[in-house]
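Engineer:
Protein chains: 4
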Amino acid sequence: MWLRIDSRSSTPMYQQMIDEIKARIAKGALAPQSRLPSIRELASDLMINPNTIAKAYQELEREGVIEVIRGRGTFVCREQEGAGGAVAASARAQVRDMLTRVLVEAHHVGIPLADVSRELEVLIAGWPEERGRYSDE
Amino acid sequence: MWLRIDSRSSTPMYQQMIDEIKARIAKGALAPQSRLPSIRELASDLMINPNTIAKAYQELEREGVIEVIRGRGTFVCREQEGAGGAVAASARAQVRDMLTRVLVEAHHVGIPLADVSRELEVLIAGWPEERGRYSDE
Amino acid sequence: MWLRIDSRSSTPMYQQMIDEIKARIAKGALAPQSRLPSIRELASDLMINPNTIAKAYQELEREGVIEVIRGRGTFVCREQEGAGGAVAASARAQVRDMLTRVLVEAHHVGIPLADVSRELEVLIAGWPEERGRYSDE
Amino acid sequence: MWLRIDSRSSTPMYQQMIDEIKARIAKGALAPQSRLPSIRELASDLMINPNTIAKAYQELEREGVIEVIRGRGTFVCREQEGAGGAVAASARAQVRDMLTRVLVEAHHVGIPLADVSRELEVLIAGWPEERGRYSDE
DNA sequence: GTGGTCTAGACCACA
DNA sequence: GTGGTCTAGACCACA
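Chains as they are written, first to last, in this note's numbering: chain E, 120 to 256; chain H, 120 to 256; chain S, 120 to 256; chain A, 120 to 256.
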């Protein structure tokens, strides 16, 4: 089974697919240019309505993560480089926002903020491939 | 206006309220024991149906964040419990999960992971009050 | 403080008073004929609205547990003997209903029914005074 | 009629539904995995507003008794968790509390405590299925 | 088809 | 005054 989806989860199935595919790409488990299963394949594989797969793929395409080439299939885009300037600013704002949420949640379950920081370091240290990007400092 | 809600957002209004109130408490902007506006007050303030406010308050009460005192009003709880035992494990797993999401998202918008880490440090440094909790190291 | 009431509890304060007073009588901590504090005394003692006390006392009087004697005060009734016949049947039905609830709850939290039974035996064994009533067998 | 609800009862209708459904599951009358009627079905069946049914279902889901599968319907959960750790302790305390209430009530209606005990034995003996749980002795 | 969100408004219980 | 329950009905997201 190419993908593992939990139909009982509260996050919609199409969203789970989006998250999982983006995660694989980010971790290098899905290389740029590589081909994704067709909607039909995946639908019968997961025993899920094809419309659900289609919705996930459409959203991924809209985000510029994958691209559909008529008659050939669906592929991971070469590079998703965050654009500079205004777009970058909003992207950073979004990341900051997500981090704030993590801290708020940590507070309410009684986890010290320092532990959150340490946890992040561990995750980054174990991250598969961070191919020579430069910090924008 | 006590709270700012975006009725056009895709996240439900009641969820926005929950998030915002938890954030304020976590940041110390809403002190323990302090009183929240009554459902009717907030409803007329935000021009939102009272049922929507009630739903948010009920969920916050269920989470142990606020408490209702009959006929008197709604108040921020004294203390959010420290993480202990099985609860702590799942809470930490959740935090790790949220952090992973942040890293995945950062990758896709082209933000170096080191920048995410730095951003987190900045947020923690500016966090209003972290009253002497101990890391569990 | 004669009585301990939790204003934060989800069970109404007047109901807590009813439960507690009935429990004390059942356990012999409040003897028949003994005098209860006046509404005013209790209200100022607990810093609670007198109307709330009055409501509890009224309900207890309606149930035949206490009696108000004009100008003298409020007293625990001599004996609350369950009447025979039809009343007894409905009383037994109520008890059976409560026991069923306990078993349902026990099931859902994963407590074996045998443990519930054992727990009940322990409670009965430690019951202060069961003055020679006869089982109706 | 799948469910019997008393709209004149002082216990809210949604609470009656919760109690009844949990009771059926505990007695094995509603098997794990089995499907509950849809909100709309049940609403028109009972001539009750769908929102009221939804509230009951949501609470049951929160308690981990049933689960919603998107677009498919609502189902009884596979297994109710066994009581372990801190949860177990508070669960047992709650059961003890409920039993105490029963004894207090029995006293006041004149039912000997021994009869309560016997009644419980009868209920347990007639309990549909108690599939090999172990007492924690 | 399924459940989730929200409104406008009535009525009730509690303090 | 406070919050809780319920209705009738609209509209939306998901599968």
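Note that the Cβ used here is the ideal one computed from N, Cα and C, for glycine as well.
Which residues bound the alpha helix (DSSP H) around T171/E?
Structural biologist: Position 52 of the first sequence, counting from 1, holds the residue named residue 171/E. Taken as a continuous stretch (DSSP letters only), the alpha helix (DSSP H) holding T171/E covers 169–181.
Engineer: Short check: CB of S157/H to CB of V195/H, under 9 Å?
Structural biologist: On the second sequence, residue 157/H is found 38 positions in, with the first residue counted as 1. On the second sequence, residue 195/H is found 76 positions in, with the first residue counted as 1. No.
Engineer: Whose Cβ in chain H lies nearer than 7 Å to the Cβ of R127/S?
Structural biologist: Locating residue 127/S in the third sequence gives position 8, where the first residue counts as 1. In chain order: E186, I188.
Engineer: Which whole-angstrom value describes the C-beta separation of Q221/S and E238/A, a residue pair presumed to lie in contact below a C-beta threshold of 8 Å?
Structural biologist: The count along the third sequence starts at 1 and reaches residue 221/S at position 102. The count along the fourth sequence starts at 1 and reaches residue 238/A at position 119. The sequence shown places Val at residue 221/S, not Gln. About 11 Å separates the two Cβ atoms, so there is no contact after all.
Engineer: Out of M120/A, V223/A, A142/A, which one is the CA nearest neighbour of I185/A?
Structural biologist: The residue given as residue 185/A occupies position 66 in the fourth sequence. Among M120/A, V223/A, A142/A, the Cα nearest to that of I185/A is on A142/A.
Engineer: If you follow the alpha helix (DSSP H) that I188/S is part of, which residue opens it and which one closes it?
Structural biologist: Locating residue 188/S in the third sequence gives position 69, counting from the first residue. Not the alpha helix (DSSP H): I188/S falls in the beta strand (DSSP E), residues 185–188.
Engineer: I'd like the span of the alpha helix (DSSP H) that includes S126/S, first residue to last.
Structural biologist: Residue numbering aside, residue 126/S sits at position 7 when the third sequence is read from its first letter. Note, S126/S: premise wrong, no alpha helix (DSSP H); not H, not E.
Engineer: Could you work out which residues of chain S lie near A148/A, taking near to mean beta carbons separated by less than 8 Å?
Structural biologist: Taking the first residue of the fourth sequence as position 1, residue 148/A is located at position 29. Result: empty, since nearest Cβ-Cβ is about 11 Å, beyond 8 Å.
Engineer: Since A145/E and H226/H are thought to touch, with beta carbons under 8 Å apart, how far apart are those beta carbons, to the nearest angstrom?
Structural biologist: Position 26 of the first sequence, counted from the first residue, corresponds to residue 145/E. Position 107 of the second sequence, counted from the first residue, corresponds to residue 226/H. Between H226/H and A145/E the Cβ distance is about 4 Å, and since that is below 8 Å, they are a contact.
Engineer: According to DSSP, is L218/E part of a helix, a strand, or is it coil?
Structural biologist: In the first sequence, residue 218/E corresponds to position 99, counting from 1. It is helical.
Engineer: Residues of chain S with CB under 8 Å from T219/A, in chain order?
Structural biologist: Numbered from 1 along the fourth sequence, position 100 holds the residue referred to as residue 219/A. Correct list: A142, L242.
Engineer: Just reading off the beta strand (DSSP E) that G192/S is part of, what are its end residues?
Structural biologist: Against the third sequence, residue 192/S aligns to sequence position 73. Note, G192/S: beta strand (DSSP E), 192–195.
Engineer: So P169/S contacts chain H; which residues on that side make the cut at Cβ distance below 8 Å?
Structural biologist: Working through the third sequence from its first residue, we reach residue 169/S at position 50. By Cβ distance, chain H contributes nothing, its closest Cβ being about 14 Å from P169/S, past 8 Å.
Engineer: Compare the C-beta of R154/A with all C-beta atoms of chain E and state if any pair is closer than 9 Å.
Structural biologist: On the fourth sequence, position 35 is the one that residue 154/A refers to. So, not an interface residue.
Engineer: Put L155/H into one of helix, strand or coil per three-state DSSP.
Structural biologist: Translated into positions along the second sequence, residue 155/H becomes position 36. Of the three classes helix, strand and coil, the one that applies to L155/H here is strand, per DSSP.
Engineer: Please confirm whether A175/H has its beta-carbon closer than 9 Å to some beta-carbon of chain E.
Structural biologist: Along the second sequence, read from residue 1 onward, the residue named residue 175/H stands at position 56. Answer no: the Cβ-Cβ gap between A175/H and chain E never drops below 9 Å.
Engineer: Where does K146/A sit, in a helix, a strand or coil, going by DSSP?
Structural biologist: As a first step, residue 146/A is located in the fourth sequence; it is residue number 27 there, counting from the start. It is coil, neither helix nor strand.
Engineer: Work out the CA separation of L165/S and A244/E for me, nearest whole Å.
Structural biologist: Stepping through the first sequence from its first residue, residue 244/E is reached at position 125. Stepping through the third sequence from its first residue, residue 165/S is reached at position 46. Whole-angstrom Cα-Cα distance: 58 Å.
Engineer: Compare the C-alpha of A175/A against each of T193/A, I188/A, R189/A and name the closest.
Structural biologist: Mapped onto the fourth sequence, residue 175/A falls at position 56. That would be T193/A, whose Cα lies nearest to the Cα of A175/A.
Engineer: If we count the other Cβ atoms within 10 Å of its Cβ and call it buried at 16 or more, is V241/A buried or exposed?
Structural biologist: Residue mapping note: residue 241/A aligns to position 122 of the fourth sequence, counting from 1. So V241/A counts as exposed.
Engineer: Go ahead and pull the three-state DSSP assignment for E198/H.
Structural biologist: The residue given as residue 198/H occupies position 79 in the second sequence. Coil at E198/H, not helix or strand.
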